[in-house]
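Everything on this sheet refers to the single structure shown next.
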Amino acid sequence: MNQKAEPRILVMIVEDKPGVLYKVSSIIRRRGINIDAISVAATTEPGISKMTFLVNVDEETMEQLVRQIEKVPTVISVGSSPIRGLYSKELALIKANVSKPGEREALRALAMKFNARIVEEKAFTLTIEIVGLPEEVSNFINEVKVITEIVDLSRSGPVALSR
Amino acid sequence: MLISGAEAIVRSLKREGVKVIFGIPGGAVLPLYDALYDSDIRHILGRHEQCVAHMADGYARASGKPGVCIATSGPGATNLVTGLATAYMDSSPVVALTGQVARHMIGKDAFQEADIIGIVTPITKYCFQLTSAKEIPKVFKTAFTIASTRRPGPVLIDMPVDVQREQAEIEFTDELDIKGYDQNPPWINSDKIKKAAEVLAEAERPLILAGGGVILSGAHVELLTLAEMLSAPVATTLMGKGSISEDHPLCLGMMGMHGKAYANYAAIECDVLLAIGTRFSDRTTGKFDEFAKGAYKIHVDIDSAEINKNVRVDLPIVGDAKEVLRSLIKELKKCKRLKPRNAWFNRVRELRFAFEQGVEEQQGSALRPSSVIKLLNKLLEPGKSIVTTGVGQNQMWSALHYLARTPRSFITSGGLGTMGFGFPAALGAKVACPDKVVVDIDGDGSFLMTEQDLATSVTEGIPVIVVILNNSSLGMVRQWQHLMYKRRFIAIDLKGVPDFVKLAHAYGAEGMRPGSLEELEKALKEAMKCEVTTVIDVNISPEERVFPMVLPGRALHEVLANEPKS
Ligand SMILES: Cc1cc2nc3c(=O)[nH]c(=O)nc-3n(C[C@H](O)[C@H](O)[C@H](O)COP(=O)(O)OP(=O)(O)OC[C@H]3O[C@@H](n4cnc5c(N)ncnc54)[C@H](O)[C@@H]3O)c2cc1C
Ligand SMILES: Cc1ncc(C[n+]2csc(CCOP(=O)(O)OP(=O)(O)O)c2C)c(N)n1
Chain A
10 MNQKAEPRIL VMIVEDKPGV LYKVSSIIRR RGINIDAISV AATTEPGISK
60 MTFLVNVDEE TMEQLVRQIE KVPTVISVGS SPIRGLYSKE LALIKANVSK
110 PGEREALRAL AMKFNARIVE EKAFTLTIEI VGLPEEVSNF INEVKVITEI
160 VDLSRSGPVA LSR
Chain B
125 MLISGAEAIV RSLKREGVKV IFGIPGGAVL PLYDALYDSD IRHILGRHEQ
175 CVAHMADGYA RASGKPGVCI ATSGPGATNL VTGLATAYMD SSPVVALTGQ
225 VARHMIGKDA FQEADIIGIV TPITKYCFQL TSAKEIPKVF KTAFTIASTR
275 RPGPVLIDMP VDVQREQAEI EFTDELDIKG YDQNPPWINS DKIKKAAEVL
325 AEAERPLILA GGGVILSGAH VELLTLAEML SAPVATTLMG KGSISEDHPL
375 CLGMMGMHGK AYANYAAIEC DVLLAIGTRF SDRTTGKFDE FAKGAYKIHV
425 DIDSAEINKN VRVDLPIVGD AKEVLRSLIK ELKKCKRLKP RNAWFNRVRE
475 LRFAFEQGVE EQQGSALRPS SVIKLLNKLL EPGKSIVTTG VGQNQMWSAL
525 HYLARTPRSF ITSGGLGTMG FGFPAALGAK VACPDKVVVD IDGDGSFLMT
575 EQDLATSVTE GIPVIVVILN NSSLGMVRQW QHLMYKRRFI AIDLKGVPDF
625 VKLAHAYGAE GMRPGSLEEL EKALKEAMKC EVTTVIDVNI SPEERVFPMV
675 LPGRALHEVL ANEPKS
């Protein structure tokens with residue numbers, strides 16, 4: 010059993026009912042585990058949603074979490090995997106300050122390098138959209154910070170599919 | 125035809141076969157009470173919502189059927205919390221109905237509004253809040269199904285008062301409103317049964333550990349058959365008491381922190397451990413890593429989340445205990461001849477003998493905890509009696525000395541250890557089994573937490589017997605301070621207050637204070653014939669301590685069989 014904590018994805022197919030997120034997150038919270046990212050979205054079936062959590066835990070803890078979450082009556086199925094074994098992507102929208110000379114150009118070049126898109130240009134700000142592996146997104150954000158100050162940032166949290 | 129939500133609730137309860145409800149009314153459940161007025165469901169008025177929940181729990185544990193309780197919104201609902209947590213920890217099917225403020229008032233800090241679902245989500249199997257009268261039949265069907273199937277547990281339905289009043293065309297169906305829940309027991313992997321049978325047939329020193337799941341599953345007959353086939357001794361958890369008759373030669377009694385020392389030693393010496401319907405609580409196993417260290421461990425449990433939670437096992441079998449045991453028995457019958465295992469049987473007998481030698485036999489007629497409980501063994505007929513307990517020393521003496529001879533005859537708060545559980549649980553058990561003698565063996569501290577429901581017992585005509593092992597202290601805490609905190613006693617002296625005989629009389633119950641075993645026997649015989657509840661105040665020394673004991677965090681073999689000489 011792998012005792013090392015690492016980023017793992019917990020994917021749950023759930024009934025769209027009030028309280029399901031609360032019940033599941035309370036099972037995780039009880040053990041003092043922080044949820045690093047959450048995304049909830051519709052599936053192809055009406056009334057059924059998919060919830061994706063990112064947590065940093067070891068394998069044994071994850072196995073326990075999965076079994077306890079499986080028991081929740083509104084949870085239809087649960088799966089988990091270390092994030093490195095998955096096809097996973099994250100979206101981020103970054104609004105950066107470009108009031109000083111050269112910043113706009115530097116950001117444009119950086120965006121190009123990361124395959125990110127400029128989605129809005131204002132007099133003093135630039136908004137960039139990036140889609141990529143969660144660590145790529147993090148790297149990009151760090152590099153933006155080297156160039157200028159980030160005014161606002163929205164990350165979707167990872168979404169994932171098995172390979 | 126238009127009917128009200130409240131009428132639909134009562135109809136739904138009747139469809140679930142509910143005959144009795146324990147409750148306390150209030151503004152937010154008045155429509156429901158008004159509908160109960162016209163129904164033949166018996167309503168038992170409690171004096172505190174915690175007790176109402178414990179009564180429903182006691183009813184459920186004694187009968188195996190869901191117990192139902194009602195509380196109003198706000199403080200009524202929050203008073204249920206301890207009762208629900210108690211039922212949750214011990215897997216008891218309680219259905220709690222709470223009033224709630226009207227839908228349009230929710231979230232506005234309305235008078236007596238409490239977010240009860242927010243509060244009890246972690247201590248219930250599931251919760252519902254009604255959003256319309258139309259959904260009532262489905263919600264109730266689903267709630268009772270969830271509470272009573274698979275691993276049972278408490279379910280709460282929060283009922284906004286305007287939904288209870290709402291008039292609607294309501295269709296009654298048996299349809300469930302839940303997709304992620306399978307009420308049927310899990311499918312059993314037959315390869316695992318084969319493997320288990322092989323291992324058990326080959327075992328030199330097999331030991332069975334039977335837990336509360338055996339009782340919940342109704343698998344006591346199968347357990348006995350299997351134990352006899354294998355000539356395997358059976359130890360139980362606290363919750364497993366009664367899963368095998370405790371006067372059977374193969375039954376070792378309870379294992380664990382306060383278990384029989386020889387049951388603990390058997391766990392150390394066995395080569396195969398078959399654990400059935402137990403969650404390997406720390407009180408049963410001692411230090412997890414040391415538990416039955418050398419043994420091949422087979423774990424049968426209906427809840428896959430229990431597998432490898434506390435103790436790593438070699439062969440997990442997820443399934444209903446009764447079904448698994450039946451398959452195992454069938455598989456074992458194919459073996460030509462099962463080993464007699466005389467050597468192991470003799471070894472266990474030797475361990476037992478050595479232990480019993482060490483225990484001083486009581487002389488004379490002094491009132492000591494063990495002698496009081498052994499007297500109850502003599503007077504209470506198997507199959508016709510139920511014992512409940514408080515929490516603490518009284519509970520552990522009951523676990524050690526009371527012989528549970530049938531399932532569902534020993535009812536105790538094991539997982540949460542809720543002081544005050546014993547008496548209301550006894551009332552609930554008596555309502556479920558009016559023909560049985562129900563005795564609550566309690567502590568003075570525990571009984572004081574819920575004694576106000578003596579009023580319920582007297583006014584509703586629910587006669588039980590309360591035997592208080594009165595050491596005028598919070599005995600178990602005192603014992604820990606004695607053994608682990610150098611006898612620096614603090615906050616444990618109850619100072620002999622109140623006078624329990626007078627207290628009983630004040631409620632219109634009987635009260636007695638016998639001075640010897642002979643007087644106690646007389647008092648008990650009288651109490652069994654008495655038509656009101658009898659409180660028997662048995663004064664014992666605060667210096668009585670519970671042994672054996674495994675100190676917290678230690679392994680089972682470190683059991684102190686007797687008082688350490690110091
Ligand atoms: C002061 C004090 C001292 C205590 N000392 C001890 C002690 O010395 N020894 C001891 O054992 N306990 C002791 N306890 C009790 C302890 O805290 C636990 O409550 C108890 O050990 C749990 O029993 P259990 O493992 O049988 O599980 P339970 O809590 O009864 O749980 C039942 C198990 O069976 C499973 N199950 C349910 N239905 C089925 C089914 N149909 N088929 C198969 N499986 C099913 C469940 O999933 C669960 O795993 C003590 C408690 C107190 C308050
Ligand atoms: C509600 C609650 N509060 C506190 C405790 C902690 N506790 C465990 S045993 C005990 C003492 C019990 O005293 P009593 O009921 O008189 O029983 P005794 O041990 O003396 O038999 C206490 C305070 C508890 N288990 N439950």
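The listed protein sequences derive, respectively, from chains A and B.
Counting in the numbering used here, the first sequence runs from 10 upward without gaps.
Counting in the numbering used here, the second sequence runs from 125 upward without gaps.
Note that CB positions come from ideal geometry on N, CA and C, so glycine has one too.
Residue i lies in the alpha helix (DSSP H); which residues open and close that run?
i, result
"residue 138 of chain B", "129–139"
"residue 410 of chain B", "Neither: residue 410 of chain B is in no alpha helix (DSSP H) and is coded neither H nor E."
"residue 115 of chain A", "112–123"
"residue 91 of chain B", "This structure does not reach residue 91 of chain B, given that chain B is present from 125 up to 690, and the question cannot be answered."
"residue 453 of chain B", "445–457"
Bridge partners of residue i, per DSSP?
i, result
"residue 253 of chain B", "B:282"
"residue 146 of chain B", "B:168, B:193"
"residue 425 of chain B", "B:442"
"residue 348 of chain B", "In the DSSP output, where bridge partners are listed per residue, residue 348 of chain B has none listed."
"residue 159 of chain A", "A:105"
"residue 420 of chain B", "B:396"
"residue 507 of chain B", "DSSP output for residue 507 of chain B lists no bridge partner at all."
Assign residue i to buried or exposed, taking buried as 16 or more other Cβ atoms, counted over all protein chains shown, within 10 Å of its Cβ.
i, result
"residue 173 of chain B", "buried"
"residue 280 of chain B", "buried"
"residue 412 of chain B", "exposed"
"residue 271 of chain B", "buried"
"residue 630 of chain B", "exposed"
"residue 84 of chain A", "buried"
"residue 466 of chain B", "exposed"
"residue 222 of chain B", "buried"
"residue 197 of chain B", "buried"
"residue 163 of chain A", "exposed"
"residue 155 of chain A", "exposed"
"residue 621 of chain B", "exposed"
"residue 614 of chain B", "exposed"
"residue 468 of chain B", "buried"
"residue 602 of chain B", "buried"
"residue 522 of chain B", "buried"
"residue 133 of chain A", "exposed"
"residue 446 of chain B", "buried"
"residue 149 of chain A", "buried"
"residue 609 of chain B", "exposed"
"residue 118 of chain A", "exposed"
"residue 124 of chain A", "exposed"
May I ask you to report which of helix, strand or coil DSSP gives residue i?
i, result
"residue 399 of chain B", "strand"
"residue 233 of chain B", "coil"
"residue 552 of chain B", "helix"
"residue 580 of chain B", "helix"
"residue 165 of chain B", "coil"
"residue 473 of chain B", "helix"
"residue 164 of chain A", "strand"
"residue 595 of chain B", "coil"
"residue 136 of chain A", "strand"
"residue 293 of chain B", "strand"
"residue 515 of chain B", "coil"
"residue 130 of chain A", "strand"
"residue 266 of chain B", "helix"
Where do the ends of the beta strand (DSSP E) carrying residue i lie?
i, result
"residue 440 of chain B", "439–442"
"residue 635 of chain B", "634–636"
"residue 372 of chain B", "Here residue 372 of chain B belongs to no beta strand (DSSP E), and DSSP marks it neither H nor E."
"residue 147 of chain A", "Here residue 147 of chain A belongs to no beta strand (DSSP E); instead the alpha helix (DSSP H) covers 143–156."
"residue 658 of chain B", "658–663"
"residue 487 of chain B", "Per DSSP, residue 487 of chain B belongs to no beta strand (DSSP E) and is neither H nor E."
Is the closest heavy atom of ligand 3 to the C-beta of residue i under 7 Å?
i, result
"residue 425 of chain B", "No copy of ligand 3 appears in this structure; the ligands present are ligand 1 and ligand 2."
- prompt: Residue ranges of each alpha helix (DSSP H) run of no fewer than 4 residues wholly in the stretch 299–337 of chain B, ordered along the chain?
  reply: Those alpha helix (DSSP H) runs which fall completely within the stretch 299–337 of chain B and span 4+ residues are 314–326.
As an exercise, report each continuous alpha helix (DSSP H) stretch of at least 4 residues that is fully enclosed by the stretch 11–93 of chain A, in chain order. With a minimum length of 4 residues, the continuous alpha helix (DSSP H) runs that stay inside the stretch 11–93 of chain A are 29–38, 68–79.
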